[in-house]
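The opening position of the sequence shown corresponds to residue 1 in UniProt numbering, with each subsequent residue numbered one higher.
We treat Cβ as the ideally placed atom computed from N, Cα and C, and that holds for glycine.
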Amino acid sequence: MLMHSRYDDVFHAKLKFPYDRTLQHEIEHHRKAQGGLLFIDRVMKALGVVKGSSSSVIDLSVGSQLTALEGRMYPPKSENALRQLHQLFCETAMAVHHKQSLLYYIMLDFDTVASQSSESQKFAADVGMPVNYQTFMKGLWLMDRQRYQEALEFVTHPSLTPDFADDIITTLVRYAPDHDYSLVLSYFYTVRPSLKSASALELLFDAMVQADATEALLFSRTHPQHTRQQLFRRWVRINLKQGRRGEQPSQRDRLAFLPLDSVEEKWFEQYLTVGEGKNLPKAKDTLLARQIACDRFSDVSEEQKVDERWAAVVEGIKRGVGATHSW
């Protein structure tokens, strides 16, 4: 069996070093395009690779530089840098399959050279790397290359636990082409991860609202009361703002007719009358439309300063209702 700790066994002499200027530029381009952080950076930081070096053999200047960059030692710009990176992986205190995973990610870059397109598979087989770790690291490698459609096939595999779910969701939302959130929603509904950060939850929820307001409302109800209220306010705000931009002109109109429970009705009215939502476009009109749709004519009072347009609508409906009741 191949020993992952032996550099010359992993990166044997016949392998062509893939990190030419073109690949280095490509990797840095993807890093910059994704907010300055790749998933391999996150993995190395999570595994403590930067702080894991305890050997004095590694050049101190290089070690200091790696520490300062908090894991951004990738990509290695020379074979000597690759050798130091391999040594750092091997000497960091972590499980063997984690070391194999980091090296496997590197081997995926070696696969980009046409004459050695299966080196990662050979490496995984020779060291006995678990298949689920291969699947996950291939998914992250594809995420780093912004090949999100392909990545989804790997990171949603049923054999995986949803690690880095917050980061995957954040990336899929922020860099969705033309505000197409189908990939992030596909990831979430397939994996059903428990999100740890409020920012990831908000980004996911925003994508849900823009894709299907009713589905987003149902999702908000699965959360504890405080979080649910925050998401509900966000739901109202996004729908009203979408109506203003004209992206989905009927989205705002549907707010008047979607079924809300008693708690949501209270939040809805408070948010649009005394809360931050009162200054949103069409906030007053939306509230009045909902009161009318719910037959709450007594709530449409003079203190709401109903303009002539709405006054005529209310009066007309009242007359119609009265005529119906007279029968």
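Evaluate residue i with the Cβ neighbour count: other Cβ atoms within 10 Å of its Cβ, from every protein chain shown; 16 or more gives buried, anything less gives exposed.
i: Leu226; result: The identity of residue 226 in the sequence shown is His, whereas the question assumes Leu. His226 is exposed by the Cβ-count criterion.
i: Cys294; result: exposed
i: Arg233; result: buried
i: Arg192; result: exposed
i: residue 328; result: Residue 328 is absent from the model: the chain starts at 1 and stops at 327.
i: Ala13; result: exposed
i: Leu66; result: Unreliable placement is indicated for Leu66, whose pLDDT of 41 sits below 50; no coordinate value is reported for it.
i: Ala198; result: exposed
i: Tyr214; result: The sequence given here has Thr at residue 214, not Tyr. Counting Cβ neighbours within 10 Å, Thr214 comes out exposed, since fewer than 16 surround it.
i: Val274; result: exposed
i: Ser101; result: buried
i: Leu152; result: buried
i: Leu218; result: exposed
Can you tell which of the options has the C-alpha that lies nearest to the C-alpha of residue i?
i: Leu47; options: Gln100, Met94, Tyr271 and Phe11; result: Met94
i: Arg290; options: Leu15, Lys266, Val274 and Asn279; result: Lys266
i: Gln87; options: Met3, Tyr148 and Ala124; result: Met3
i: Leu240; options: Leu218, Arg228, Glu215 and Tyr271; result: Tyr271
i: Lys99; options: Ala216, Pro193, Met129 and Gly277; result: Met129
i: Asp180; options: Glu202, Leu195, Leu15 and Val209; result: Val209
i: Met1; options: Phe39, Arg42, Lys122 and Thr92; result: Lys122
i: Gln34; options: Asp167, Ala283 and Trp235; result: Asp167
i: Leu203; options: Ala165, Arg221, Phe110 and Thr222; result: Ala165
i: Asp111; options: Phe17, Arg21, Glu79 and Glu28; result: Phe17
i: Val173; options: Glu119, Val10 and Ala207; result: Ala207
i: Phe11; options: Phe39, Thr22, Leu108 and Asp41; result: Leu108
i: Glu264; options: Val274, Arg221 and Gly275; result: Arg221
i: Ser117; options: Pro224, Leu15 and Thr214; result: Leu15
i: Ile40; options: Phe205, His25 and Met143; result: Met143
i: Thr156; options: Val184, Pro177 and Tyr175; result: Val184
i: Thr22; options: Leu140, Gly277 and Pro76; result: Pro76
i: Ile27; options: Pro224, Gly277, Thr92 and Tyr74; result: Tyr74
i: Tyr148; options: Val127, Thr171 and Asp126; result: Thr171
i: Val127; options: Gln24, Arg6 and Glu91; result: Arg6
i: Arg42; options: His223, Pro281 and Trp141; result: Trp141
i: Trp235; options: Phe205, Ser78 and His223; result: Phe205
In whole angstroms, what is the alpha-carbon distance linking residue i and residue j?
i: residue 336; j: Gln230; result: Residue coverage of the chain in this structure runs from 1 to 327, which leaves residue 336 outside it and unanswerable.
i: Pro259; j: Glu150; result: 38 Å
i: Thr190; j: Ile292; result: 39 Å
i: Ile169; j: Ala216; result: 16 Å
i: Arg237; j: Val113; result: 49 Å
i: residue 332; j: Leu103; result: As shown, the chain starts at 1 and ends at 327. That puts residue 332 outside it, with no answer to give.
i: Asp31; j: Gln242; result: The sequence shown places Arg at residue 31, rather than the Asp named in the question. Arg31 and Gln242: Cα-Cα distance of roughly 31 Å.
i: Asp253; j: Leu287; result: 10 Å
i: residue 360; j: His97; result: Lying before the first or after the last residue shown, residue 360 is absent from the chain, which here runs from 1 to 327.
i: Glu269; j: Ala200; result: 27 Å
i: Met44; j: Val50; result: 7 Å
i: Leu37; j: Ser120; result: 23 Å
i: Ala211; j: Phe257; result: 18 Å
i: Gln146; j: Asp20; result: 20 Å
i: Leu195; j: Phe188; result: 10 Å
i: Phe154; j: Asp178; result: 23 Å
i: Ala124; j: Asp261; result: 54 Å
i: Glu276; j: Lys284; result: 13 Å
i: Ile106; j: Pro281; result: 51 Å
i: Gln84; j: His25; result: 21 Å
i: Asn279; j: Ser186; result: 34 Å
i: Cys90; j: Asn80; result: 15 Å
i: Ser182; j: Tyr175; result: 12 Å
query = Touch check for the region 151 to 160 and the region 134 to 143: three-plus C-beta pairs under 8 Å?
reply = yes
Runs of alpha helix (DSSP H) lying entirely within the region 169 to 229, each at least 4 residues, in chain order = If we require 4 residues or more, the alpha helix (DSSP H) runs fully inside the region 169 to 229 come out as 182 to 191, 198 to 211 and 213 to 220.
inquiry  = Threshold first: 3 residues or longer. Then list the beta strand (DSSP E) segments lying entirely within the region 93 to 178, N to C.
reply    = none
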